[in-house]
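Asker: One structure is given below, represented as structure tokens, and several questions about it will come after.
Number of protein chains: 2
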Amino acid sequence: MGKKVLVTGGAGFIGSHIVDRLLNRSDMEKLIIVDNFWTGLKQNLTHIKDQRMHLETCDVENFQTSEKFDEIIHLASPASPPWYMREPVRTIKANLVGALNLIEMIQPGGRISFASTSEVYGDPLITPQPESYRGQVDCTGPRSSYDESKRCTESLLFEMRRTAGIDLRIVRLFNVYGPRTRPDDGRAVSNFLSQALTTGELTVYGDGLQSRSWGYVDDIVDALERYFWLDQIDYPGPLNVGNDREISVLDVAKFIADIVPGASIKMCPPIPQDPTNRRPDLTLCRQILPGWEAKISYEEGVRRTLEWFRDTLMSGASSDAPDPVRLAG
Amino acid sequence: MGKKVLVTGGAGFIGSHIVDRLLNRSDMEKLIIVDNFWTGLKQNLTHIKDQRMHLETCDVENFQTSEKFDEIIHLASPASPPWYMREPVRTIKANLVGALNLIEMIQPGGRISFASTSEVYGDPLITPQPESYRGQVDCTGPRSSYDESKRCTESLLFEMRRTAGIDLRIVRLFNVYGPRTRPDDGRAVSNFLSQALTTGELTVYGDGLQSRSWGYVDDIVDALERYFWLDQIDYPGPLNVGNDREISVLDVAKFIADIVPGASIKMCPPIPQDPTNRRPDLTLCRQILPGWEAKISYEEGVRRTLEWFRDTLMSGASSDAPDPVRLAG
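This is the structure we're talking about:
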């Protein structure tokens, strides 16, 4: 008997890459994708013809089924500040009420994997951030619906593990970018690329010296593939996954302005509660996933993403953009 | 037209005191109490004969009504570590899914008040703790269901205020004790009193030097009464409410061993993730609630609580205790 797998947010940026990898597995019999297309896009899945895949267009918190799954991968959530700040209640429901719904659907002995975030560290006072760092999140602030619902979902799942013994894999992802990001996503790399290809004016908020660790999606999904479905791993998380090369937002803008003819940079007022720095301590990741490394330099990753954005913007995809405010993710 | 008020957890320790105060209000027409008697007790309400009060025995997250309320006071949650650690999923549901349910029941222009906790500060690195301190909570730890669901509920309500303009009052309560605490509550004062009156052996965990700020319930409810229902206050919270006299757990045990004949202290191994210190910075509280002070010394409060426990234990009330582990709250 093959495995039954459920992926929430499977039409999203990272989700659709995970789906591609899952479909390479010969031990998988059935793959259910739950997505409400809030930030996910149908075109992220249109290349898939595999009969094992079934798409359910539904909010994860409202999804109902009598089936039980061997593996559940919970990715449903907006990940970009303008999107979650516009609908904070819905963000909390997707993450936490979604997880409460999903824990009822795990086969006995089954596994739940969850994409948490480096945002659980808030505006960190130490760098790089190890998993043991408890973070500095303002739980009443304008970014809190995302940060706190990720934290509380980690808590829910860890407590389910402690009290009910569920098999768990939690990752904390650091700024992922690459093909299939929505052009209107609103975070730095995608924003700069969209702007470079349209208005030509790259908007940098604050002094641009806030740093991020930009992880190219192929590298990140390589790590997730190993971590989420290798049975021999006996570590529930949380596990930092990202690229530990730290680069300022301004440097990314400059690089893109250099490679796209006619693009220039415009400095704008700072965004409230934009973290000043973010860099993963990958010590544990290298222990748990030996041999894995982020291999794609940001220069190469940005070039690849630029090509993808060029094709996508040419074809006129994506709409339903939030307010045009950009909040560096 | 008088006010319609909803109190969740109204049969609980603090909730039932709030209900007593609410019934003194002549502007209140109808009071609905929602309580599932998980940690609340029917006997906390049996003295009330007021026709305006209606009790709904129901989980707050499942409560349904077509009524809308002018004021909602959300207190439903266990507050003692052994209780919430035994049922973490239920704890998250009571706080957060409860709040998600309640925000649909507010009259336009109505107010929601929420009892958050000093546990949002985790094991604090600064003392006393001002409301601006972002805390040090382990979001994967054994106490996290309570700490993180309180944090995430604060986030939900603040984001509802930011995006939908709801009227909000959030308090962070520091160790409250007094009459109507369950004798099997499991936190330090009630535990010591129960032990002093039964086995005679007061169990202190670790070195007993972990400090707390013990707030006598009458003082605390005086503050809540002002903050939750005075219209002229224009501050949504979070507001620390407590007694800022910091006393070690061991000193409380010694005091009780002194006043109860035959009682003695037994030192036990430490409890995981028991915060080392906890003391409110009350600067903001004194500005927002001028004239309010915690007036009852802990010596006086403990004596009053002892009398109440003596009466209660004599009458044989309360059962359904969790595992006997004590976790200093």
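So the protein sequences, as listed, match chains A and B.
For the first sequence, my numbering begins at 3 and goes up steadily by one.
For the second sequence, my numbering begins at 3 and goes up steadily by one.
Glycine is no exception: its CB is placed at the ideal position from the N, C-alpha and C atoms.
Could you say if the segment 173-183 of chain B and the segment 235-249 of chain B meet the contact criterion of at least three C-beta pairs nearer than 8 Å?
Answerer: With a cut-off of 8 Å, the segment 235-249 of chain B and the segment 173-183 of chain B count as touching, because enough Cβ pairs lie within range.
Asker: Of the residues Met87/A, Ser115/A and Asn64/A, which one's Cα is nearest the Cα of valine 9/A?
Answerer: Within the first sequence, numbered from 1, the residue matching residue 9/A stands at position 7. If we check each option's Cα against that of valine 9/A, Ser115/A comes out closest.
Asker: Taking Cβ to Cβ, would you say valine 99/B is nearer than 8 Å to valine 99/A?
Answerer: Residue 99/B sits at position 97 when you count from the first residue of the second sequence. Residue 99/A sits at position 97 when you count from the first residue of the first sequence. Cβ distance < 8 Å, so valine 99/B and valine 99/A count as in contact.
Asker: Under three-state DSSP, which class holds aspartate 253/A?
Answerer: Along the first sequence, one-based indexing puts residue 253/A at 251. Of the three classes helix, strand and coil, the one that applies to aspartate 253/A here is helix, per DSSP.
Asker: Using DSSP bridges, identify the partner residues of asparagine 242/A.
Answerer: Along the first sequence, read from residue 1 onward, the residue named residue 242/A stands at position 240. Per DSSP, Arg174/A.
Asker: Please confirm if phenylalanine 71/A has its CB atom under 8 Å from at least one CB of chain B.
Answerer: The sequence position of residue 71/A within the first sequence is 69, counting from 1. Cβ-Cβ to chain B under 8 Å: no for phenylalanine 71/A.
Asker: Decide yes or no for the touch test of the segment 53-73 of chain B against the segment 85-105 of chain B: beta carbon pairs closer than 8 Å, at least 3 of them.
Answerer: The answer is yes - the segment 85-105 of chain B touches the segment 53-73 of chain B, with three or more Cβ pairs under 8 Å.
Asker: Assign asparagine 279/B to one of two classes, buried (16 or more other C-beta atoms within 10 Å of its C-beta) or exposed (fewer than that).
Answerer: Reading the second sequence from its first residue, position 277 is the one you call residue 279/B. Buried, by the Cβ-count rule.
Asker: Tell me, please, whether the CB atom of valine 91/B is closer than 8 Å to any CB atom in chain A?
Answerer: As a first step, residue 91/B must be located in the second sequence, where it is residue number 89. Yes, valine 91/B lies at the interface with chain A (some Cβ there is under 8 Å from its Cβ).
Asker: Per the DSSP calculation, glutamine 131/B is bridged to which residue(s)?
Answerer: Along the second sequence, read from residue 1 onward, the residue named residue 131/B stands at position 129. Answer is Pro282/B.
Asker: Enumerate in chain order the residues of its own chain whose CB-to-CB distance from aspartate 29/B is below 6 Å, with the five nearest sequence positions on each side excluded.
Answerer: For the purposes of this step, residue 29/B is taken as residue 27 along the second sequence, with counting starting at 1. So the list reads Gly4 and Lys5, once near-sequence residues are dropped.
Asker: Mind checking whether proline 282/B and aspartate 313/B have CB atoms under 8 Å apart?
Answerer: Numbered from 1 along the second sequence, position 280 holds the residue referred to as residue 282/B. Numbered from 1 along the second sequence, position 311 holds the residue referred to as residue 313/B. It is not a contact, given that the beta carbons lie outside the stated cut-off.
Asker: Does the beta-carbon of glutamine 131/A have 16 or more other beta-carbons within 10 angstroms, so that it is buried, or is it exposed?
Answerer: On the first sequence, residue 131/A is found 129 positions in, with the first residue counted as 1. Buried: at least 16 other Cβ atoms inside 10 Å.
Asker: How big is the Cα-Cα spacing for valine 36/A and proline 84/B?
Answerer: Locating residue 36/A in the first sequence gives position 34, counting from the first residue. Locating residue 84/B in the second sequence gives position 82, counting from the first residue. In a straight line, the C-alpha of valine 36/A is about 36 Å away from that of proline 84/B.
Asker: Apart from the five residues just before and just after leucine 159/A, which ones in its own chain have a Cβ nearer than 7 Å to its Cβ?
Answerer: Locating residue 159/A in the first sequence gives position 157, counting from the first residue. Excluding sequence neighbours, leucine 159/A sits near Ala101, Ile114, Phe116, Leu170 and Ile172.
Asker: Report all residues from its chain with a CB closer than 8 Å to the CB of serine 266/A; omit the five preceding and five following residues, and keep chain order.
Answerer: Translated into positions along the first sequence, residue 266/A becomes position 264. Excluding positions up to five away in sequence, the list reads Gly202, Glu203, Leu204 and Ala259.
Asker: Can you name, in chain order, every residue of its own chain whose Cβ lies under 6 Å from the Cβ of isoleucine 94/B, other than the five neighbours on each side?
Answerer: Residue numbering aside, residue 94/B sits at position 92 when the second sequence is read from its first letter. Excluding positions up to five away in sequence, the list reads Ser147 and Ser151.
Asker: Whose C-beta lies closer than 7 Å to the C-beta of isoleucine 235/A among residues of the same chain, with five residues either side of it excluded?
Answerer: Sequence index remark: in the first sequence, residue 235/A carries index 233 (1-based). Here the set comprises Tyr229 and Ile290.
Asker: Using the beta-carbon count (16 or more within 10 Å), is aspartate 322/B buried or exposed?
Answerer: Counted from its first residue, the second sequence places residue 322/B at position 320. Residue placement at aspartate 322/B is flagged as unreliable, the pLDDT there being 44, under the threshold of 50; a coordinate-derived value is accordingly withheld.
Asker: Going by the CB atoms, is the gap between arginine 153/A and arginine 153/B shorter than 8 Å?
Answerer: As a first step, residue 153/B is located in the second sequence; it is residue number 151 there, counting from the start. As a first step, residue 153/A is located in the first sequence; it is residue number 151 there, counting from the start. Their beta carbons are under 8 Å apart, which means arginine 153/B touches arginine 153/A by this criterion.
Asker: So is isoleucine 261/A buried or exposed if we call it buried at 16+ other beta carbons inside 10 Å?
Answerer: Numbered from 1 along the first sequence, position 259 holds the residue referred to as residue 261/A. It counts as exposed.
Asker: Whole angstroms are fine: how far does the CA of glutamate 106/A sit from the CA of tyrosine 179/A?
Answerer: By 1-based counting over the first sequence, the position of residue 179/A is 177. By 1-based counting over the first sequence, the position of residue 106/A is 104. Rounded to the nearest angstrom, the two C-alpha atoms are 32 Å apart.
Asker: Excluding five sequence neighbours on each side, which residues of the same chain lie with their C-beta closer than 8 Å to the C-beta of glutamate 31/A?
Answerer: For the purposes of this step, residue 31/A is identified with residue 29 of the first sequence, where counting begins at 1. Contacts found: Met3, Gly4, Lys5, Lys6 and Arg54.
Asker: Does any CB atom of chain B fall closer than 8 Å to the CB of phenylalanine 230/A?
Answerer: Taking the first sequence and counting its residues from 1, the one referred to as residue 230/A is at position 228. Answer no: the Cβ-Cβ gap between phenylalanine 230/A and chain B never drops below 8 Å.
Asker: Does the structure place the segment 289-308 of chain B close enough to the segment 205-219 of chain B that three or more beta carbon pairs sit under 8 Å?
Answerer: The segment 205-219 of chain B is in contact with the segment 289-308 of chain B.
Asker: In three-state DSSP terms, what is proline 110/A?
Answerer: By one-based count along the first sequence, residue 110/A stands at place 108. If DSSP states are grouped into helix, strand and coil, proline 110/A belongs with the strands.
Asker: Would you give the residue range spanned by the alpha helix (DSSP H) that methionine 316/B belongs to?
Answerer: For the purposes of this step, residue 316/B is identified with residue 314 of the second sequence, where counting begins at 1. From DSSP, the alpha helix (DSSP H) with methionine 316/B extends over 300-317.
Asker: Does DSSP classify isoleucine 258/A as helix, strand or coil?
Answerer: By one-based count along the first sequence, residue 258/A stands at place 256. Isoleucine 258/A: helix per DSSP, three-state reduction.
Asker: In this structure, does DSSP put lysine 70/B in helix, strand or coil?
Answerer: By 1-based counting over the second sequence, the position of residue 70/B is 68. DSSP places lysine 70/B in coil when its eight states are reduced to three.
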